[in-house]
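Asker: Heads up: the sequence shown runs through residues 68 to 365, numbered per our numbering.
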Amino acid sequence: MNFLRVTEMEKYLANPQKAYAEDEAFYEAEVQRAAQMILDKKTVKMVFVSGPSCAGKTPTTERLAHYPKEHGVKTELISLDDFYRHPQIELYHPDGTPDYESPGSLDLELMHKCFTALCEGKVADMPKFLFKEKRRSEVYTPMRLDEDELCIVEGLHALNPDICGSYIDPAKTFKVYLNAVTDIDSEPRLLRRIVRDYYKRSSTAEQTLAMWENVENGSRKYIYPYKDDADVFINTYIKYERFVMRNDGLRMLYEVPETSPCYEKAKELIDKLLPLPSLPKEAIQPQSFMREFITQRT
Numbered sequence: 068m069n070f071l072r073v074t075e076m077e078k079y080l081a082n083p084q085k086a087y088a089e090d091e092a093f094y095e096a097e098v099q100r101a102a103q104m105i106l107d108k109k110t111v112k113m114v115f116v117s118g119p120s121c122a123g124k125t126p127t128t129e130r131l132a133h134y135p136k137e138h139g140v141k142t143e144l145i146s147l148d149d150f151y152r153h154p155q156i157e158l159y160h161p162d163g164t165p166d167y168e169s170p171g172s173l174d175l176e177l178m179h180k181c182f183t184a185l186c187e188g189k190v191a192d193m194p195k196f197l198f199k200e201k202r203r204s205e206v207y208t209p210m211r212l213d214e215d216e217l218c219i220v221e222g223l224h225a226l227n228p229d230i231c232g233s234y235i236d237p238a239k240t241f242k243v244y245l246n247a248v249t250d251i252d253s254e255p256r257l258l259r260r261i262v263r264d265y266y267k268r269s270s271t272a273e274q275t276l277a278m279w280e281n282v283e284n285g286s287r288k289y290i291y292p293y294k295d296d297a298d299v300f301i302n303t304y305i306k307y308e309r310f311v312m313r314n315d316g317l318r319m320l321y322e323v324p325e326t327s328p329c330y331e332k333a334k335e336l337i338d339k340l341l342p343l344p345s346l347p348k349e350a351i352q353p354q355s356f357m358r359e360f361i362t363q364r365t
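The structure is reproduced here in structure tokens:
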């Protein structure tokens with residue numbers, strides 16, 4: 068087990084806000100580097116941001132949109148989630164659960180129509196998926212890109228050729244791949260998902276663990292094969308994150324009953340978290356990347 072050196076722990080405890088900002092500096096610099104690459108490619112109209120679950124697509128997309136705005140370039144944000152099919156034509160796993168991991172769960176025909184229109188400077192009627200009602204809204208929002216404007220498309224399958232493929236001029240696209248990579252923890256995204264889904268989706272750790280293998284199978288099949296097609300890779304792992312999520316993670320994992328099929332996995336994660344020091348999550352700034360994963364329900 069890897070521990071923080073005493074001097075490092077003293078740094079965190081002496082001024083956690085400053086130490087956290089230093090840990091996030093590398094990530095922020097990588098996002099700015101990617102944004103500058105986008106601006107340097109003058110023909111870009113659509114930026115596609117992909118990565119596996121809890122890689123940080125939403126907060127990274129927001130940052131990628133902010134940087135061009137500072138340089139006078141307007142941006143529009145698009146989530147692939149809004150292109151989910153209606154429930155009556157959903158795909159399903161063999162066990163009968165909805166399949167949200169494959170690109171076939173998206174309305175590709177509508178997507179191609181919208182993205183083609185945007186690249187050509189035409190109006191696209193954009194859908195909105197209502198997750199609480201589990202259906203697409205009947206109201207569509209018109210969107211058109213000005214000559215000096217671009218849109219950023221975020222989603223699990225954004226690098227899949229069915230999403231950003233040959234129907235769009237490659238000169239008008241830029242591809243970003245995200246993942247949380249560290250040699251300390253083989254599954255940093257799982258802890259993120261346990262804590263995030265508990266707070267934001269009212270999901271127990273047991274529920275998250277139960278679906279994790281399906282989620283990762285989907286990543287191995289539909290996301291990882293296209294990572295090398297990206298124009299740039301951003302590592303979203305933040306050095307302090309295990310320590311600020313430790314207490315929440317343990318509390319949630321202890322709720323998994325011994326009778327659960329997920330108990331052994333929960334125990335494995337507990338054994339990894341127990342020896343770690345705990346750092347205060349309250350010191351994380353409101354604009355921090357990590358707020359996506361640790362903010363409590365409001």
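Note that CB positions come from ideal geometry on N, CA and C, so glycine has one too.
On a Cα-Cα basis, can you pick out the residue from 286, 147 and 241 that is closest to residue 176?
Answerer: From the listed residues 286, 147 and 241, the smallest Cα separation to residue 176 is found for 147.
Asker: Would the region 296-312 count as touching the region 239-249 if we require 3 or more Cβ pairs under 8 Å?
Answerer: yes
Asker: Strictly by DSSP, which residues pair up with residue 242?
Answerer: 115
Asker: Identify, in the order they occur along the chain, each residue of the same chain with its Cβ nearer than 8 Å to the Cβ of residue 337, setting aside the five sequence neighbours on each side.
Answerer: 317, 320 and 321
Asker: Ordered along the chain, which non-local residues of its own chain (more than five positions away) have a Cβ less than 8 Å from that of residue 349?
Answerer: There are no such residues.
Asker: Can you give me the Cβ contacts of residue 236 inside the same chain, cut-off strictly under 6 Å, excluding the 5 residues immediately before and after it?
Answerer: none
Asker: Going by the CB atoms, is the gap between residue 111 and residue 128 shorter than 8 Å?
Answerer: No. Outside cutoff.
Asker: Looking at the structure shown, is residue 311 part of a helix, part of a strand, or coil, going by DSSP?
Answerer: helix
Asker: To the nearest angstrom, report how far apart residue 276 and residue 333 are at their CA atoms.
Answerer: 8 Å
Asker: In terms of alpha-carbon separation, which member of 174, 134 and 362 lies closest to residue 230?
Answerer: 174
Asker: Are three or more beta carbon pairs between the region 212-232 and the region 117-126 nearer than 8 Å?
Answerer: yes
Asker: Do residue 219 and residue 142 come within 8 Å of each other at the CB atom, strictly closer than that value?
Answerer: yes
Asker: Counting along the chain, where does the beta strand (DSSP E) carrying residue 141 start and finish?
Answerer: 141-146
Asker: Between which two residues does the alpha helix (DSSP H) harbouring residue 127 extend?
Answerer: 124-137
Asker: Check for me: the alpha helix (DSSP H) holding residue 90 runs from which residue to which?
Answerer: Counting along the chain, the alpha helix (DSSP H) containing residue 90 begins and ends at 83-107.
Asker: Comparing alpha-carbon positions, which option in 83, 260, 182 and 149 lies nearest residue 280?
Answerer: 260
Asker: Count the CB pairs spanning the region 99-108 and the region 194-209 that are closer than 8 Å, and state whether there are at least three.
Answerer: no
Asker: Whole angstroms are fine: how far does the CA of residue 362 sit from the CA of residue 310?
Answerer: 15 Å
Asker: Spell out whether any CB of chain B is found under 8 Å from the CB atom of residue 118.
Answerer: Of the chains in the structure shown, none is chain B; there is only one protein chain.
Asker: Buried or exposed for residue 213, please, with buried defined as at least 16 other CB atoms from any protein chain shown within 10 angstroms of its CB.
Answerer: exposed
Asker: Rounded to a whole number of angstroms, what is the C-alpha to C-alpha distance between residue 136 and residue 274?
Answerer: 39 Å
Asker: To the nearest angstrom, report how far apart residue 287 and residue 335 are at their CA atoms.
Answerer: 22 Å
Asker: When DSSP labels each residue in this structure, what does residue 291 get in the three-state scheme?
Answerer: Helix.
Asker: May I ask which residues mark the beginning and end of the alpha helix (DSSP H) holding residue 301?
Answerer: Note, residue 301: premise wrong, no alpha helix (DSSP H); beta strand (DSSP E) at 299-302.
Asker: What runs of the beta strand (DSSP E), each 3 residues or longer, lie entirely inside the region 176-242?
Answerer: Segments of the beta strand (DSSP E) lying fully in the region 176-242: 191-193, 208-210 and 216-221.
Asker: Identify the residues that DSSP records as bridge partners of residue 151: which are they?
Answerer: 173
Asker: Find the nearest neighbour of residue 304 within the set 264, 283, 345 and 251, judged by alpha-carbon distance.
Answerer: 251
Asker: Is the CB-CB distance between residue 169 and residue 151 below 8 Å?
Answerer: no
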